[in-house]
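Q: Pasting a structure below so you can have a look.
Numbering (the numbering used here), first residue to last: -10 to 226.
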């Protein structure tokens, strides 16, 4: 049986990091993570991207340690399939950016980048997500080329997240990709607006958007969740 293909739309956040670790730890015959589409949410989108890159940085070190100790490597689905990582817009489409850094700290991970800077990878990775061009110096372009030759745990994309979502939906059979949205829905809205027919090829969209039996984490309604409040016009559709 073919593995379930998923796109994870995320604004990490401690909770989203745990979700991604669970996905990467699944058996490769059960789950295939095609794309992490990064959005703003708990914090701004660049800090969210830093957290995604930091996650891969530490997973790679964890795998190296397990190998050196003769332990099972784990992270089966990740080792079988490197996911794409693409960045979405910095702001909502309609409303003012609603920061939720009071949930997980100003960096989304409880301030770990400030208190333990040695846990944060060098910022040269930023150039992997920047299109080479006249805005880059010759030195920057050399660094970018070197970085692209590194066997990283992910594939950086220089295309916007919504375009990568649509590309994957076009290239795969209809009803084979599940979109797991655990952040604000801006990337999904942009993809749907650009090419509705292609967007509807998704098998399903699973949204972390509210609660049934418990109170939500933000008002004014008792069951609301922060991701929906961040982009209300989209969430109401």
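Just so you know, even glycine gets a beta-carbon here, dropped at the ideal spot from N, CA and C. This one's a predicted model, so the numbers in the text were calculated from it and none came from an experiment.
Report yes if the C-beta distance between residue -2 and residue 176 is below 8 Å; otherwise report no.
A: yes
Q: Would you mind sorting residue 59 into buried or exposed? The rule is 16 or more other CB atoms within 10 Å of its CB.
A: Under this definition residue 59 is an exposed residue.
Q: Hey, out of 110, 2 and 167, whose CA is closest to residue 195's CA?
A: 167
Q: Can you list, in chain order, the residues of its chain whose CB lies under 8 Å from that of residue 52, leaving out five sequence neighbours each side?
A: Within the same chain, residue 52 has close Cβ partners 62, 63, 64 and 68.
Q: Please work out which residues of its chain come closer than 7 Å, Cβ to Cβ, to residue 141, disregarding the five sequence neighbours upstream and downstream, and give them in chain order.
A: Same-chain partners within the cutoff: 45.
Q: From 155, 114 and 148, pick the residue whose C-alpha is nearest to that of residue 39; which is it?
A: Looking at 155, 114 and 148, the one whose alpha-carbon comes closest to that of residue 39 is 114.
Q: Any idea what DSSP makes of residue -6, helix, strand or coil?
A: Reduced to three states, the DSSP call for residue -6 is strand.
Q: Mind checking who residue 145 pairs with in its DSSP beta bridge?
A: 74
Q: Sorted by chain position, which residues of the same chain lie with C-beta nearer than 6 Å to residue 164's C-beta, five sequence neighbours on each side aside?
A: Closer than 6 Å at Cβ, skipping near neighbours: 192.
Q: Would DSSP call residue 18 helix, strand or coil?
A: coil
Q: Count the other CB atoms within 10 Å of the CB of residue -5; is the residue buried (16 or more) or exposed (fewer)?
A: buried
Q: Tell me the DSSP secondary structure of residue 167 in three-state form.
A: Secondary structure of residue 167 (DSSP, three-state): strand.
Q: Contact criterion: CB-CB distance below 8 Å. Does residue 177 meet it with respect to chain C?
A: Checking the listed chains, one finds no chain C in this structure; it contains a single protein chain.
Q: Looking only at its chain, what residues have a beta carbon closer than 8 Å to the beta carbon of residue 156, apart from the 5 residues adjacent to it on each side?
A: 148
Q: Check the DSSP bridge columns for residue 194 and list the partner residues they point to.
A: 168
Q: For residue 41, collect the residues of the same chain with a Cβ closer than 7 Å to its Cβ; drop the 5 residues on either side in sequence, then sort them by chain order.
A: 1, 25, 27 and 74
Q: State the DSSP-derived secondary structure class of residue -1, mapped to helix, strand or coil.
A: strand
Q: Can you check whether the CB of residue 118 is closer than 8 Å to the CB of residue 158?
A: Their beta carbons are not under 8 Å apart, which means residue 158 does not touch residue 118 by this criterion.
Q: Return the CA-CA distance between residue 106 and residue 112, expressed in angstroms with no decimal places.
A: 11 Å
Q: With burial defined as no fewer than 16 other Cβ atoms inside 10 Å of the residue's Cβ, what is the status of residue 153: buried or exposed?
A: Its Cβ being crowded by 16 or more others within 10 Å, residue 153 is buried.
Q: Does the beta-carbon of residue 174 have 16 or more other beta-carbons within 10 angstroms, so that it is buried, or is it exposed?
A: buried
Q: What does a CB cutoff of less than 6 Å around residue 17 pick up in its chain, not counting 5 residues either side in sequence?
A: 65, 66 and 69
Q: For residue 62, which three-state DSSP category applies?
A: coil
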